[in-house]
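36 is the number of the first residue of the sequence shown in our numbering; add one for each residue after it.
From the three backbone atoms N, C-alpha and C, an ideal C-beta is built for every residue, glycine too.
No experiment lies behind these values; they were computed from the predicted model shown.
Everything below concerns the one structure shown next.
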Amino acid sequence: MIVISILVILALIAMAQYNKTVLAAREATLREDLYTMRKMIDQYGADKGKLPASLEDLQGAGYIHEIPVDPITDQKDWQLEMGDDPGSTEASQGVTNVHSNSSELSSDGHSY
């Protein structure tokens, strides 16, 4: 009975460590995806002289192959930050930033 109890405790410890590792991998993927999309938003603006109206504009213009799945929500439901286009002579708005649509907190306590 003691051996079984020890094995159960070890299994629970291993499971907790596995969950932390999976979360760390998802957060690393999120950081990489956000970096890429933000960089492509800036590049689109520099090349076209206006901000993209949506992430689909980035995809359609070939700046990204496809819109990535948010690794935290497991959906393509990114939260877009819209703002005035500083480089445009017209009064137009476009995507200025992108965030995860998750309401959860990251492992370091910040919102995604």
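Assignment of Met50 by DSSP, reduced to helix, strand and coil, places it in the helix class. Membership of Asp92 in the alpha helix (DSSP H) is indicated by the continuous run 90-95. With a cutoff of 8 Å on beta-carbon distance, Leu86 and Met72 are scored as not near each other.
Inclusion of Tyr98 and Gln78 in the CB contact set at 8 Å is warranted, their separation being smaller than that value. The DSSP-derived three-state label of Met72 is helix. DSSP places Leu86 in no beta strand (DSSP E); its state is neither H nor E. If you ignore the 5 residues before and after Asp112, its C-beta comes within less than 8 Å of the C-beta of Asp105, Asn136, all in its own chain and listed in chain order. The beta carbon of Glu101 is closer than 7 Å to those of Gln94 in its chain, skipping five residues each way along the sequence. Excluding residues up to 5 positions away in sequence, Gln114 lie with their Cβ nearer than 6 Å to the Cβ of His134 in the same chain. Annotation: the continuous beta strand (DSSP E) that includes His134 extends over 128-134. When the alpha-carbon of Glu116 is set against those of Leu140, Gln110, Ala88, Glu139, the nearest one is in Ala88.
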